[in-house]
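The block underneath contains the structure these notes are about, expressed in structure tokens.
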Amino acid sequence: METTQALTTGEIARQLDAPVHRVEYVIRSRNIQPIERAGCLRIFALADLEYIADELRRMDEDR
């Protein structure tokens with residue numbers, strides 16, 4: 037059986053070494069939808085992590 041890694045906003049921020057508020061901004065402004073919810077936690081796919089990383093990198097380049 038194959039398992040997929042589910043990521044919370046905080047876990048994404050830790051893996052990207054970025055502040056949570058920047059990750060939240062990208063999620064909100066790019067309208068990234070969670071794949072699941074666990075109570076009040078939003079769960080994102082591994083593909084979302086890559087997209088968020090790309091967007092943060094692009095934002096840093098535009099500075």
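Per our numbering, residue 37 is the first one in the sequence shown, and the count goes up by one each step. Built from N, CA and C at the ideal position, the CB exists for glycine as well.
Three-state secondary structure (DSSP) of residue i
| i | result |
| --- | --- |
| Arg73 | strand |
| Ile79 | strand |
Whole-number beta carbon distance between residue j and residue i, since they are thought to touch under 8 Å
| i | j | result |
| --- | --- | --- |
| Val59 | Ile71 | With 8 Å as the limit, Val59 and Ile71 do not qualify as a contact, their Cβ atoms being about 16 Å apart. |
Beta-carbon proximity check, residue i vs residue j, cutoff 8 Å
| i | j | result |
| --- | --- | --- |
| Val62 | Leu43 | no |
| Leu52 | Ile79 | no |
| Asp90 | Ile68 | no |
Through-space distance from residue j to residue i, alpha-carbon basis
| i | j | result |
| --- | --- | --- |
| Cys76 | Thr45 | 12 Å |
Candidates the options: closest to residue i by CA position
| i | options | result |
| --- | --- | --- |
| Asp96 | Gln41, Arg50, Ala54 | Ala54 |
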